[in-house]
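**Q**
Chains as they are written, first to last, in the UniProt record's numbering: chain P, 1 to 162; chain Y, 1 to 209.
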């Protein structure tokens with residue numbers, strides 16, 4: 001298959017949108033969660049790279065909405081400007097990168113991020129079509145809005161498509 | 001104003017000196033551990049975005065071997081010792097006296113990773129004990145954890161605390177080179193990422209406010 005589109009890159013605590021034939025990608029997700037929201041009809045999609053579960057954790061006044069699950073998903077919905085009833089979700093990330101004895105709450109940030117993302121998606125009644133979360137490996141993900149497939153690459157496991 | 005905007009050039013120089021002393025001790029420890037000459041570059045202290053932080057470690061997808069620990073006590077923060085896989089393999093070969101050690105071969109990994117963890121323990125311990133002596137602060141490192149994965153996935157974990165206070169990170173970055181044996185690019189890097197509240201404590205302990 002010949003790829004004709006560009007790859008839109010999304011950094012950490014960042015969000016962007018994509019229209020087919022372009023694809024959208026974020027690299028090195030660890031405890032962070034990459035959330036894809038997509039609309040099959042318009043072939044438009046968005047990706048937000050979420051670092052933390054809740055904006056109430058923020059200790060400074062001005063916050064970057066893409067950083068938190070609660071603000072990041074609504075921020076992406078706004079960027080897409082597509083009714084939430086047409087949006088579907090795929091997600092990846094939320095790994096536990098390091099194993100420590102006697103883990104504190106901040107040490108299990110990956111699972112907490114996944115829980116928070118699911119709660120927010122549920123509040124918008126956005127269905128999660130597939131996910132690849134947890135584990136202890138970093139992930140690089142790329143979504144193609146034409147096929148609505150999410151390609152996931154991990155260092156130790158290899159590639160998969162969900 | 002967030003913490004990263006309040007730091008003066010003078011204070012950055014002091015942080016650089018902290019990196020100099022800490023990593024200098026770690027380099028000496030590494031040198032005697034491997035019985036080889038270890039060089040250390042002048043530390044960099046930078047205020048960078050999260051994405052720039054990943055770039056310092058070779059890009060978010062770059063696969064690295066990392067020893068990570070949390071600093072607890074009167075000052076808190078995260079510390080990473082990051083190596084390329086080739087450099088880590090070379091260290092393990094020297095430490096375990098097994099010239100054929102390779103990460104790809106499972107079965108040999110356990111003793112190799114254990115050796116690497118011990119090395120991480122010694123190096124970060126010597127970094128932190130000199131920091132503790134210098135500042136007169138009581139510091140307790142957690143037992144180091146090891147991961148071999150994408151730099152982005154590894155380092156973002158150390159940014160969890162910092163990211164609650166802002167979108168920038170102050171990194172004290174020191175590079176170690178195993179002189180003579182390796183090509184450029186196959187070096188070790190120490191990253192010291194103090195938590196935001198720790199800067200005031202750090203500067204106060206040194207009599208600069």
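By construction, the Cβ of each residue, glycine as well, lies at the ideal position given by its N, Cα and C atoms.
So residue 212 of chain Y packs on residue 78 of chain Y, CB below 8 Å; how close in whole Å?
**A** With chain Y running from 1 to 209 in the structure shown, residue 212 of chain Y is simply not present.
**Q** In angstroms, rounded to a whole number, what distance separates the CA positions of residue 135 of chain Y and residue 73 of chain Y?
**A** Translated into positions along the second chain, residue 135 of chain Y becomes position 135. Translated into positions along the second chain, residue 73 of chain Y becomes position 73. If I take the Cα positions, the gap works out to 13 Å.
**Q** Please report the distance separating the alpha-carbon of residue 131 of chain P from that of residue 24 of chain P.
**A** Your numbering for residue 131 of chain P matches position 131 in the first chain. Your numbering for residue 24 of chain P matches position 24 in the first chain. Each residue's alpha carbon lies about 17 Å from the other.
**Q** I want to verify the contact list: residues of chain P whose CB lies under 8 Å from the CB of residue 74 of chain Y, in sequence order.
**A** Taking the second chain and counting its residues from 1, the one referred to as residue 74 of chain Y is at position 74. Result: empty, since nearest Cβ-Cβ is about 18 Å, beyond 8 Å.
**Q** Count the other CB atoms within 10 Å of the CB of residue 116 of chain P; is the residue buried (16 or more) or exposed (fewer)?
**A** Sequence index remark: in the first chain, residue 116 of chain P carries index 116 (1-based). So residue 116 of chain P counts as buried.
**Q** With 7 Å as the limit, tell me which residues of the region 25-51 of chain P have their beta carbon closer than that to any beta carbon of chain C; keep them in chain order.
**A** Here chain C cannot be found, since the structure's protein chains are P and Y.
**Q** Near residue 186 of chain Y, what residues of its chain come up, given a Cβ to Cβ distance below 6 Å and the 5 sequence neighbours on each side ignored?
**A** Within the second chain, numbered from 1, the residue matching residue 186 of chain Y stands at position 186. Reliability fails at residue 186 of chain Y, whose pLDDT of 46 lies under 50, so the model's placement of it is uncertain and no value is given.
**Q** Buried or exposed for residue 161 of chain P, please, with buried defined as at least 16 other CB atoms from any protein chain shown within 10 angstroms of its CB.
**A** Position 161 of the first chain holds residue 161 of chain P. Counting Cβ neighbours within 10 Å, residue 161 of chain P comes out exposed, since fewer than 16 surround it.
**Q** Applying the 10 Å Cβ sphere with the 16-neighbour rule, what's the burial state of residue 200 of chain Y?
**A** In the second chain, the residue the question calls residue 200 of chain Y occupies position 200. Exposed, since its Cβ has fewer than 16 Cβ neighbours within 10 Å.
**Q** Residue 43 of chain Y and residue 150 of chain Y: beta carbons closer than 8 Å?
**A** Along the second chain, one-based indexing puts residue 43 of chain Y at 43. Along the second chain, one-based indexing puts residue 150 of chain Y at 150. No, the Cβ-Cβ distance between residue 43 of chain Y and residue 150 of chain Y is not below 8 Å.
**Q** Counting only C-beta atoms, is residue 6 of chain Y closer than 8 Å to chain P at any point?
**A** Along the second chain, read from residue 1 onward, the residue named residue 6 of chain Y stands at position 6. No - not a single Cβ of chain P is within 8 Å of the one on residue 6 of chain Y.
**Q** Rounded to the nearest angstrom, what separates residue 47 of chain P and residue 34 of chain P at their Cα positions?
**A** Along the first chain, one-based indexing puts residue 47 of chain P at 47. Along the first chain, one-based indexing puts residue 34 of chain P at 34. Those two C-alpha atoms are separated by around 7 Å.
**Q** Looking at the C-beta of residue 59 of chain P, does it have a partner C-beta in chain Y at a distance below 8 Å?
**A** On the first chain, residue 59 of chain P is found 59 positions in, with the first residue counted as 1. Taking Cβ atoms only, chain Y reaches closer than 8 Å to residue 59 of chain P, which makes this a yes.
**Q** Using only the alpha-carbon positions, how far apart do residue 73 of chain P and residue 153 of chain Y sit?
**A** Along the first chain, read from residue 1 onward, the residue named residue 73 of chain P stands at position 73. Along the second chain, read from residue 1 onward, the residue named residue 153 of chain Y stands at position 153. For residue 73 of chain P and residue 153 of chain Y, the distance between alpha carbons rounds to 21 Å.
**Q** Whole alpha helix (DSSP H) runs in the UniProt domain "CheC-like protein" (11-46) of chain Y with 4 or more residues, listed along the chain?
**A** Those alpha helix (DSSP H) runs which fall completely within the UniProt domain "CheC-like protein" (11-46) of chain Y and span 4+ residues do not exist here.
**Q** Which residues in the same chain have their Cβ closer than 7 Å to the Cβ of residue 55 of chain P, if we skip the five residues on either side of it in sequence?
**A** Here residue 55 of chain P is taken as the residue at index 55 of the first chain, counted from 1. Excluding positions up to five away in sequence, the list reads 63, 68, 70 and 71.
**Q** What do you get for residue 207 of chain Y, buried or exposed, if any count of 16 or more other CB atoms within 10 angstroms of its CB means buried?
**A** Working through the second chain from its first residue, we reach residue 207 of chain Y at position 207. With fewer than 16 Cβ atoms within 10 Å of its Cβ, residue 207 of chain Y is classed as exposed.
**Q** For residue 133 of chain Y, name the three-state secondary structure that DSSP assigns.
**A** Taking the second chain and counting its residues from 1, the one referred to as residue 133 of chain Y is at position 133. Note: residue 133 of chain Y maps to helix in three-state DSSP.
**Q** Going by C-alpha to C-alpha distance, which of Y/197, Y/204, Y/205 and Y/175 sits closest to residue 22 of chain Y?
**A** For the purposes of this step, residue 22 of chain Y is taken as the residue at position 22 of the second chain. Closest by alpha carbon: Y/175.
**Q** Along the chain, where does the alpha helix (DSSP H) containing residue 87 of chain Y start, and where does it finish?
**A** Counting from one through the second chain, the residue named residue 87 of chain Y turns up at place 87. First-last of the alpha helix (DSSP H) with residue 87 of chain Y: 85-96.
**Q** I need the DSSP call for residue 131 of chain P, collapsed to helix, strand or coil.
**A** In the first chain, residue 131 of chain P corresponds to position 131, counting from 1. If DSSP states are grouped into helix, strand and coil, residue 131 of chain P belongs with the strands.
**Q** Shorter than 8 Å from the beta carbon of residue 143 of chain P to some beta carbon of chain Y?
**A** By one-based count along the first chain, residue 143 of chain P stands at place 143. It does not: the Cβ of residue 143 of chain P has no partner Cβ on chain Y nearer than 8 Å.
**Q** Per the DSSP calculation, residue 64 of chain Y is bridged to which residue(s)?
**A** Taking the first residue of the second chain as 1, we reach residue 64 of chain Y at position 64. DSSP, once it has assigned bridges, lists Y/84 and Y/149 as partnering residue 64 of chain Y.
**Q** Since residue 11 of chain P meets chain Y, which of its residues come closer than 9 Å, beta carbon to beta carbon?
**A** For the purposes of this step, residue 11 of chain P is taken as residue 11 along the first chain, with counting starting at 1. Those are 49, 50, 51, 54 and 60, listed as they occur along chain Y.
**Q** Are at least three pairs of beta-carbons, each pair with one atom in the region 8-27 of chain P and one in the region 109-126 of chain P, less than 8 Å apart?
**A** Flag = no, the region 8-27 of chain P and the region 109-126 of chain P do not touch.
**Q** Between which two residues does the beta strand (DSSP E) carrying residue 44 of chain P extend?
**A** Locating residue 44 of chain P in the first chain gives position 44, where the first residue counts as 1. That run of the beta strand (DSSP E) goes 44-50.
**Q** What's the call for residue 134 of chain P, buried or exposed, on a 16-neighbour Cβ count within 10 Å?
**A** Here the question's residue 134 of chain P lines up with position 134 in the first chain. Exposed, because fewer than 16 other Cβ atoms sit within 10 Å of the Cβ of residue 134 of chain P.
**Q** I'd like to confirm something about residue 149 of chain P: is its beta-carbon nearer than 7 Å to some heavy atom of the ligand HEM, or not?
**A** Although the ligand HEM was asked about, the structure shown includes no ligands whatsoever.
**Q** Taking the C-alpha atoms as reference points, what is the distance between residue 63 of chain Y and residue 81 of chain P?
**A** Position 63 of the second chain holds residue 63 of chain Y. Position 81 of the first chain holds residue 81 of chain P. Whole-angstrom Cα-Cα distance: 37 Å.
**Q** Pair every Cβ in the region 120-127 of chain Y with every Cβ in the region 22-39 of chain Y, then say whether three or more of these pairs are closer than 8 Å.
**A** Segments in contact, yes.
**Q** Would you call the region 163-177 of chain Y and the region 188-205 of chain Y touching, i.e. three or more CB-CB distances under 8 Å?
**A** Touching, yes, given that three or more Cβ pairs across the two stretches are closer than 8 Å.
**Q** Go through its chain and collect everything with a Cβ distance to residue 119 of chain Y's Cβ below 8 Å, but skip five positions before and after it.
**A** For this step, residue 119 of chain Y is matched to residue 119 along the second chain. Around residue 119 of chain Y: 30, 33, 67, 91 and 95.
**Q** At a Cβ cut of 7 Å, what residues of the region 151-164 of chain Y count as close to chain P, listed as they run along the chain?
**A** Taking 7 Å as the Cβ-Cβ cut-off against chain P, the residues of the region 151-164 of chain Y that qualify are 151, 152, 153, 154, 156, 157, 160, 161, 163 and 164.
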